[in-house]
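Everything on this sheet refers to the single structure shown next.
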Amino acid sequence: MRAVIIEDEHIAARRLAQLIAELAPEIEIVAQLTSVESALTWFEENALPQLIFLDIQLNDGYGFDILDHLDDHPPVIFTTAYNEYAIRGFKYNGLDYLLKPIDKRDLKTALDKFRKTTDTVEERWGDKKLEQIRNLFQKEYKHRFMVKVGNQFKSFGVAEIAYFKSHEGLIFLYAHNGKSYPVEYAIDQLEDILNPVQFFRINRKFMVSVKAVEEIHSYFNSRLLLKLLPKEEEQVIVSRERTSNFKRWLDM
Numbered sequence: 001m002r003a004v005i006i007e008d009e010h011i012a013a014r015r016l017a018q019l020i021a022e023l024a025p026e027i028e029i030v031a032q033l034t035s036v037e038s039a040l041t042w043f044e045e046n047a048l049p050q051l052i053f054l055d056i057q058l059n060d061g062y063g064f065d066i067l068d069h070l071d072d073h074p075p076v077i078f079t080t081a082y083n084e085y086a087i088r089g090f091k092y093n094g095l096d097y098l099l100k101p102i103d104k105r106d107l108k109t110a111l112d113k114f115r116k117t118t119d120t121v122e123e124r125w126g127d128k129k130l131e132q133i134r135n136l137f138q139k140e141y142k143h144r145f146m147v148k149v150g151n152q153f154k155s156f157g158v159a160e161i162a163y164f165k166s167h168e169g170l171i172f173l174y175a176h177n178g179k180s181y182p183v184e185y186a187i188d189q190l191e192d193i194l195n196p197v198q199f200f201r202i203n204r205k206f207m208v209s210v211k212a213v214e215e216i217h218s219y220f221n222s223r224l225l226l227k228l229l230p231k232e233e234e235q236v237i238v239s240r241e242r243t244s245n246f247k248r249w250l251d252m
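Residue numbering for the sequence shown is 1 to 252, as defined by the working numbering.
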């Protein structure tokens, strides 16, 4: 079981690691990070751990800034000297919220919660996977999008759509003819309503159709660089945590 500690106080990080080793020897601390910047770099270059111990107030920002930059993240045990962030913390899949100095009994309770959560997921995984396969064939996915063009509306079938892109708080539909139009959907919504056989979300900003992928190149840190049609000026990179699934999606 792999875990990461993100804590800018060296003594606090060392004590937390010692307590974890004592209470949960099955957990391997694979990294101890001290800032938002170093954490974002680490997550770009490494596979996600199963658990994150996260201080909320770091020298260069907030722990929430790290979670906001991840497409998804594992359960989090927050460790902080301040209690005013507790409600917000649980919105980020927070398992527990521990106040410093961390009490050994409180940490044990948090780790027990994590173990129960992990056991439940493992026990239900087989049934869940089967249910996902059934849903893939039974679910009715979106076939058309209505977009506003001037004072009129135009209908696009999904076969006409190359990709969707998030830009400055808006989501744009890019058609195969090279034109783009704003749509009133979030990327998370598109991921749910589009057929996953046809569309794949490669990172926080792009959801691409299989027909839009013209070229695929290796990129540093085990990621992939895509060339899309119609041409996209911005670098289109498959995030590290999505690369394996993307390859399976394209049967690479």
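Note that beta-carbon positions come from the ideal geometry of N, C-alpha and C, so glycine has one too.
Skipping 5 residues on each side, what residues in its chain have a beta carbon closer than 6 Å to that of N203?
As a working mapping, residue 203 is identified with position 203 in the sequence shown. Excluding residues within five positions, the ones whose Cβ falls inside 6 Å are S239.
Cβ contact check for the region 205-217 and the region 32-48: 3 or more pairs under 8 Å
no
How big is the Cα-Cα spacing for I77 and R115?
Position 77 of the sequence shown, counted from the start, is the residue given in the question as residue 77. Position 115 of the sequence shown, counted from the start, is the residue given in the question as residue 115. Whole-angstrom Cα-Cα distance: 12 Å.
In angstroms with no decimal places, state the Cα-to-Cα distance between E37 and E7.
As a working note, residue 37 is residue 37 in the sequence shown. As a working note, residue 7 is residue 7 in the sequence shown. Going from the Cα of E37 to the Cα of E7 covers about 12 Å.
Buried or exposed: which applies to P182, given that a residue is buried once 16 or more other Cβ atoms fall within 10 Å of its Cβ?
By one-based count along the sequence shown, residue 182 stands at place 182. Per the 10 Å Cβ criterion, exposed.
Quick one: any contact between the region 185-202 and the region 224-244, if contact means 3 or more CB pairs under 8 Å?
yes
From this set, V30, G150 and V158, which residue's C-alpha is nearest Y141's C-alpha?
Against the sequence shown, residue 141 aligns to sequence position 141. Of the listed residues, the one whose Cα sits closest to Y141 is V158.
Per DSSP, what kind of secondary structure is H73 in: helix, strand or coil?
Stepping through the sequence shown from its first residue, residue 73 is reached at position 73. The answer is coil: DSSP assigns H73 none of H, G, I, E or B.
Using the C-alpha atoms, what's the distance from L67 back to V121?
Here residue 121 refers to the residue found at position 121 when the sequence shown is read from its first residue. Here residue 67 refers to the residue found at position 67 when the sequence shown is read from its first residue. Bear in mind that a pLDDT of 49 at V121, under 50, signals an unreliable position, so the model cannot answer this.
On a CA-only basis, which of L95, L58, R14 and A39 is nearest H69? Give me that one, please.
For the purposes of this step, residue 69 is identified with residue 69 of the sequence shown, where counting begins at 1. Per the Cα distances, A39.
Could you please give the first and the last residue of the uninterrupted alpha helix (DSSP H) stretch that includes Q198?
Position 198 of the sequence shown, counting from 1, holds the residue named residue 198. Neither: Q198 is in no alpha helix (DSSP H) and is coded neither H nor E.
DSSP has K148 in a bridge; who is on the other side?
Indexing the sequence shown from 1 puts residue 148 at position 148. Answer is F153, bridged to K148.
Cβ-based burial, K165 [other Cβ within 10 Å; buried from 16]
Position 165 of the sequence shown holds residue 165. Its Cβ being crowded by 16 or more others within 10 Å, K165 is buried.
Where S222 falls: helix, strand or coil (DSSP)
Walking along the sequence shown from the start, residue 222 turns up at place 222. Residue state, collapsed to three classes: coil.
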